[in-house]
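Working notes, structure below.
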Amino acid sequence: MPNRIRSNGMSIALLINQFVSTTIAAIFLPTGGHYGYASMVVCWAACTFVFFLVAALWLPETKGKSLEEIEARFAGKRG
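This is the structure we're talking about:
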């Protein structure tokens with residue numbers, strides 16, 4: 001079952017990634033032309049910084065852990 005869950009998770013992550021990439025590509029040039037490209041770069045940098053803070057402060061470290069350990073961590077069980 002973990003491989004099935006992993007493949008579903010990767011499919012969802014890829015779908016979201018493609019949607020966000022397409023959205024960014026569609027709005028970057030028109031918005032950059034209107035507000036200026038420097039402000040667009042600052043906006044993307046600010047978003048990246050916020051995403052980094054969320055990952056660093058609120059998400060648990062999963063390096064070197066099995067899928068079962070990660071699942072137990074998100075289920076609230078410590079181990």
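Numbering-wise (UniProt numbering), the sequence shown opens with residue 1 and increments by one. Using N, Cα and C, we set each Cβ at its ideal position, and we do this for glycine too.
Inspect the beta-carbon positions of MET40 and PHE28 and report whether they are closer than 8 Å.
Your numbering for residue 40 matches position 40 in the sequence shown. Your numbering for residue 28 matches position 28 in the sequence shown. At the C-beta level, MET40 and PHE28 come within 8 Å of one another.
In the structure shown, what three-state DSSP assignment does GLU69 receive?
Your numbering for residue 69 matches position 69 in the sequence shown. The answer is helix: DSSP assigns GLU69 an H, G or I state.
Straight-line CA distance for VAL50 to VAL42?
Locating residue 50 in the sequence shown gives position 50, counting from the first residue. Locating residue 42 in the sequence shown gives position 42, counting from the first residue. So the alpha carbons of these two residues sit roughly 12 Å apart.
Rounding to the nearest angstrom, what Cα-Cα distance links SER66 and ALA26 in this structure?
Locating residue 66 in the sequence shown gives position 66, where the first residue counts as 1. Locating residue 26 in the sequence shown gives position 26, where the first residue counts as 1. Straight-line Cα distance between these residues: approximately 39 Å.
Helix, strand or coil: how does DSSP classify LEU57 here?
The sequence position of residue 57 within the sequence shown is 57, counting from 1. Residue state, collapsed to three classes: helix.
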